[in-house]
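Colleague: If you scroll down you'll find the structure; I have some questions about it.
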Amino acid sequence: MLAGVNFGGESMQLNAQQQAAVEQIDGPVLVLAGAGSGKTRVITERIRYMLRQNIPPEAILALTFTNKAAAEMRQRLGKASEGMSLGTFHGLGLRLVREFHHQLGLPAQVSILDQSEQNSLLRRVCAKVRTHLGRQVDLIASFLSSARNEGLTAKTLQESEDDDHYALGMLMARYNEEKAALGAVDFDDLIELPLILLRQHPDVLETLRARWRYTLVDEYQDTNTMQFQFLASLMGSSGNLCVVGDDDQSIYGWRGADQRNILDFEHKFKGCKAIYLTANYRCRSPILDAANALIGHNRMRKAKVLTAARGAGEAVRLQVFSDNELEAEVVVREIARLRRAKIDLDQIAILIRRSAQAPLFEAELGRRELPFRLIGGKRTADKKAARDLFSYMQVVASDRNEIAFRRAITTPTRGIGATTIERLSELSRASGIGIASVDGSDVENMRSPARLALAEFQASIAVARKQLGQGKGPKEVFSELLDSNHYSARLGEEISNEKLLHRHRDDLDRVLDILQKSWSDSALGKSPGAKINSFVNRMTLASSRDESDDSAGRVTLSTIHGVKGLEFDHVWVVGIEEGSLPNQRSLESGDMGEIEEERRLLYVAITRARDHLVLTRSNEAVRGERRSLRCPSRFLTDLQGCGLVEELIDAPPRRDEVEVIQDKAALMERLAKLGVILPDASS
């Protein structure tokens with residue numbers, strides 16, 4: 003049965019499953035939304051339906067995992083979203099930490115540690131707390147995050163008889179002390195601290211339960227243990243909680259997501275109504291047949307088979323190459339042919355398992371002059387240029403931000419060493435003066451050049467504060483601040499590679515441009531200090547998916563994780579070999595759960611394709627002068643019997659081949675680029 007629903011001025015039809023998901027608003031509800039099943043529209047229509055049932059928008063809490071998804075939901079809802087609490091888990095966590103900072107013993111304006119700042123703090127902790135774990139900071143940070151995502155505390159770890167757990171507990175306890183002294187939180191705190199609020203402050207729990215009587219969670223399969231516990235506490239035994247997700251697209255176990263949250267939801271929330279969305283409106287049936295055949299080999303899943311609403315299409319192809327260089331060459335050559343056939347490049351994607359596979363395809367795309375966007379690299383907020391700028395901005399916002407001060411005062415170096423900074427920190431805490439305002443003359447044994455450098459830095463910060471207060475544009479203010487601290491000049495001395503230097507400056511310009519455009523946004527706050535903190539937090543919490551450039555006219559080259567939620571007419575999934583997909587770590591672990599997650603990853607890749615899907619692998623991997631044999635992925639065996647067409651390609655195309663260009667305009671454009679001028683035929 004189809005029901006007509008008005009959707010943002012656009013008429014759409016909901017099938018019976020979708021209609022049930024929209025109208026079941028009371029009690030716990032699990033919506034298992036298969037790939038391409040119209041999940042976003044169902045969520046949006048469900049919210050509209052709730053509002054039509056006279057549920058006030060202030061009573062609705064809607065959570066997802068990317069700012070981009072939240073923004074899309076707001077755009078679809080339009081004015082209907084006004085008053086709703088709609089955003090990400092981390093965004094909600096920051097909001098609650100700020101609102102209830104007094105109960106948590108934190109300042110009203112907390113600083114969020116990014117990964118590099120967290121590692122820097124852990125290095126100092128490891129130097130003070132000697133354990134057999136040594137100073138492998140990246141590894142320790144990963145272990146601590148995993149432990150916290152599982153709900154383990156410093157106390158429970160220290161009570162363990164396991165030596166590693168005890169050592170981690172000691173490090174966690176000191177790390178938490180250092181964060182508290184700095185008035186800082188990390189990403190895990192933004193999930194953990196709200197849970198502590200609910201557990202230790204019954205009055206806060208009652209306040210939030212009264213505030214949000216209806217909660218909706220998108221991408222529920224990506225939640226971790228602490229997020230589940232937070233939702234369970236907020237809802238109580240019989241709350242109105244609707245979760246939407248797909249256990250077959252659970253691909254973030256490596257960062258703490260627990261697939262059991264969605265698999266066990268019906269058992270955890272009594273009286274749950276489960277609704278399956280199995281009609282796929284994206285993929286042609288051969289593509290969906292391959293996806294169903296593949297994922298059917300997983301044992302830890304909710305049994306379901308997707309059906310293709312769009313009907314038949316061309317068969318899925320498997321191309322086998324002699325080596326990975328040929329693989330990249332042929333894939334990009336086929337894409338070039340699609341462009342000559344007037345296919346939009348933004349409808350084409352090359353999907354890789356890991357970013358290390360990208361360079362071969364980048365080189366081929368560049369050689370054929372095919373514009374592309376790369377998804378899966380570093381976020382803007384993680385790049386050195388951004389972190390450098392943020393440190394200066396945060397010192398301007400507050401002289402008490404010790405983490406930002408430590409980075410800014412040493413970027414560039416100015417003769418102020420670690421010992422001097424520790425003395426400044428001790429004086430700051432003893433006197434109650436912000437570390438960036440401590441007078442150098444009060445620091446014992448501080449040399450004159452260092453004292454002068456500190457005074458010049460402090461003076462430049464004071465100038466920037468005054469300029470912002472007078473209404474000067476932030477891009478100009480912070481550009482001048484960096485210049486007065488010789489940032490750009492030193493950068494040229496430190497980075498000898500012209501390409502890297504150019505990229506670094508581009509990164510810096512990009513952040514300054516974003517800052518300038520965002521400055522008038524009232525959501526950032528009113529004062530310059532509030533605007534700076536809100537902007538840095540917004541950038542720090544943004545995911546790489548939030549930053550993906552959607553501008554048209556470019557091929558997408560991306561890790562599979564990077565395109566979750568996206569779709570394309572033409573998709574190549576490359577490098578489907580043992581050790582790549584599934585990856586080597588999952589093979590070495592012997593854990594079938596990790597192998598199943600790798601299979602889900604390929605399932606996600608396959609279901610990005612609407613009309614045309616090519617899977618590829620190579621028999622050899624070429625790295626410089628070395629060649630190594632590659633074995634076909636076990637997942638290709640799962641696809642036998644679903645109509646897969648196999649093509650063996652072992653003869654490389656000629657690098658100097660002349661492509662036939664049938665379109666006259668394209669030919670003239672190519673000749674013009676080469677500087678060839680044809681005589682006028684009329685003369």
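Numbering (this note's numbering), first residue to last: 3 to 685. Virtual Cβ for every residue (Gly too), placed ideally from N, Cα, C.
For Val31, which option in Asn242, Ile597 and Lys468 has the closest C-alpha, if you only look at C-alpha atoms?
Modeller: Residue mapping note: residue 31 aligns to position 29 of the sequence shown, counting from 1. The residue with the shortest Cα to Cα distance from Val31 is Asn242.
Colleague: Can you tell me whether DSSP reads Thr158 as helix, strand or coil?
Modeller: Along the sequence shown, one-based indexing puts residue 158 at 156. DSSP places Thr158 in helix when its eight states are reduced to three.
Colleague: What span of residues does the beta strand (DSSP E) with Tyr394 cover, start to end?
Modeller: Within the sequence shown, the letter at position 392 stands for residue 394. From DSSP, Tyr394 is part of no beta strand (DSSP E) but of the alpha helix (DSSP H) over Lys386 to Ala399.
Colleague: Tell me whether Asp571 sits in a helix, a strand or coil according to DSSP, three-state version.
Modeller: Counting from 1 along the sequence shown, the entry for residue 571 is found at position 569. Note: Asp571 maps to strand in three-state DSSP.
Colleague: If Leu362 sits next to Ala330, beta carbons under 8 Å apart, how far is it from one beta carbon to the other, in whole angstroms?
Modeller: Position 360 of the sequence shown, counted from the start, is the residue given in the question as residue 362. Position 328 of the sequence shown, counted from the start, is the residue given in the question as residue 330. Yes, Leu362 and Ala330 are in contact; Cβ-Cβ is about 4 Å, under 8 Å.
Colleague: Give me whichever residues DSSP pairs with His614 in a beta bridge.
Modeller: Taking the first residue of the sequence shown as 1, we reach residue 614 at position 612. Answer by DSSP bridge pairing, in chain order: His572.
Colleague: With DSSP collapsed to three states, give me the class of Gln55.
Modeller: Taking the first residue of the sequence shown as 1, we reach residue 55 at position 53. Gln55: coil per DSSP, three-state reduction.
Colleague: The beta strand (DSSP E) that contains Tyr283, what's its start and end?
Modeller: Within the sequence shown, the letter at position 281 stands for residue 283. That residue, Tyr283, is in no beta strand (DSSP E); it is neither H nor E in DSSP.
Colleague: Taking the alpha helix (DSSP H) that Ile597 falls in, what are its first and last residues?
Modeller: The sequence position of residue 597 within the sequence shown is 595, counting from 1. Where Ile597 is concerned, the enclosing alpha helix (DSSP H) starts and stops at Met594 to Ile608.
Colleague: Using the C-alpha atoms, what's the distance from Gly89 back to Trp256?
Modeller: Against the sequence shown, residue 256 aligns to sequence position 254. Against the sequence shown, residue 89 aligns to sequence position 87. Spanning the two alpha carbons is a distance of roughly 23 Å.
Colleague: Please report how far the alpha carbon of Asp509 lies from the alpha carbon of Gln111, in whole angstroms.
Modeller: The residue you call residue 509 lines up with position 507 of the sequence shown. The residue you call residue 111 lines up with position 109 of the sequence shown. In a straight line, the C-alpha of Asp509 is about 27 Å away from that of Gln111.
Colleague: Is the beta carbon of Arg556 sitting closer than 9 Å to the one on Phe374?
Modeller: Translated into positions along the sequence shown, residue 556 becomes position 554. Translated into positions along the sequence shown, residue 374 becomes position 372. Yes, these two residues count as a Cβ contact at 9 Å.
Colleague: Does the Cβ of His92 have 16 or more other Cβ atoms within 10 Å, making it buried, or fewer, making it exposed?
Modeller: If you number the sequence shown from 1, residue 92 lands on position 90. Looking at its Cβ environment, which holds 16 or more other Cβ atoms inside 10 Å, His92 is buried.
Colleague: Looking at the structure shown, is Glu649 part of a helix, part of a strand, or coil, going by DSSP?
Modeller: Within the sequence shown, the letter at position 647 stands for residue 649. Residue state, collapsed to three classes: strand.
Colleague: DSSP has Asn242 in a bridge; who is on the other side?
Modeller: Mapped onto the sequence shown, residue 242 falls at position 240. Note: Asn242 sits in a beta bridge opposite Tyr216.
Colleague: Just to confirm the assignment, what range does the beta strand (DSSP E) spanning Thr227 have?
Modeller: Taking the first residue of the sequence shown as 1, we reach residue 227 at position 225. Per DSSP, Thr227 belongs to no beta strand (DSSP E); it is in the alpha helix (DSSP H), Thr227 to Met237.
Colleague: From the DSSP output, which residues share a beta bridge with Gln321?
Modeller: Residue numbering aside, residue 321 sits at position 319 when the sequence shown is read from its first letter. The partner list for Gln321 (beta bridge, DSSP) reads Thr618 and Glu649.
Colleague: Roughly how many angstroms separate the alpha carbons of Arg656 and Asn326, rounded to a whole number?
Modeller: Taking the sequence shown and counting its residues from 1, one reaches residue 656 at position 654. Taking the sequence shown and counting its residues from 1, one reaches residue 326 at position 324. Because the pLDDT at Arg656 is just 46, under 50, the model does not fix this residue reliably, and the value given afterwards should be weighed accordingly. Taking the straight line from one Cα to the other gives about 16 Å.
Colleague: I believe Leu514 touches Phe570 by the beta-carbon criterion, under 8 Å. Please report the beta-carbon distance rounded to the nearest angstrom.
Modeller: Here the question's residue 514 lines up with position 512 in the sequence shown. Here the question's residue 570 lines up with position 568 in the sequence shown. About 32 Å; that fails the 8 Å criterion.
Colleague: Can you check whether the CB of His203 is closer than 9 Å to the CB of Ile765?
Modeller: Limits of the chain in this structure are 3 at one end and 685 at the other, which puts residue 765 out of reach.
Colleague: Grouping DSSP H, G and I as helix and E and B as strand, with all else coil, what is Ile114?
Modeller: The sequence position of residue 114 within the sequence shown is 112, counting from 1. Note: Ile114 maps to strand in three-state DSSP.
Colleague: Please identify the residue among Arg610, Ile608, Asp28 and Ser588 whose C-alpha is closest to the C-alpha of Gly273.
Modeller: If you number the sequence shown from 1, residue 273 lands on position 271. Checked all of Arg610, Ile608, Asp28 and Ser588; the closest Cα to Gly273 is Asp28.
Colleague: Could you check the C-alpha separation between Gln160 and Arg587 for me, to the nearest Å?
Modeller: Within the sequence shown, numbered from 1, the residue matching residue 160 stands at position 158. Within the sequence shown, numbered from 1, the residue matching residue 587 stands at position 585. So the alpha carbons of these two residues sit roughly 29 Å apart.
Colleague: Could you tell me if Leu233 is buried or exposed, where buried requires 16 or more neighbouring beta carbons within 10 angstroms of its beta carbon?
Modeller: In the sequence shown, residue 233 corresponds to position 231, counting from 1. Under this definition Leu233 is a buried residue.
Colleague: Go to Phe637, then tell me how far its alpha helix (DSSP H) extends in each direction, as first and last residue.
Modeller: Locating residue 637 in the sequence shown gives position 635, where the first residue counts as 1. That run of the alpha helix (DSSP H) goes Arg636 to Asp640.
Colleague: Nearest-angstrom Cα distance between Phe459 and Thr413?
Modeller: Translated into the one-based positions of the sequence shown, residue 459 becomes position 457. Translated into the one-based positions of the sequence shown, residue 413 becomes position 411. The alpha-carbon atoms of Phe459 and Thr413 are separated by roughly 11 Å.
Colleague: Mind pulling the alpha helix (DSSP H) runs of 4 or more residues that sit fully within the region 483-545?
Modeller: 489-496, 500-520 and 530-543
Colleague: Measure the CB-CB distance between Ala321 and Thr618 and report whether it falls below 9 Å.
Modeller: By one-based count along the sequence shown, residue 321 stands at place 319. By one-based count along the sequence shown, residue 618 stands at place 616. Reading off the sequence shown, one finds Gln at residue 321, where the question assumed Ala. Yes; because the gap between Cβ atoms is below 9 Å, this pair is in contact.
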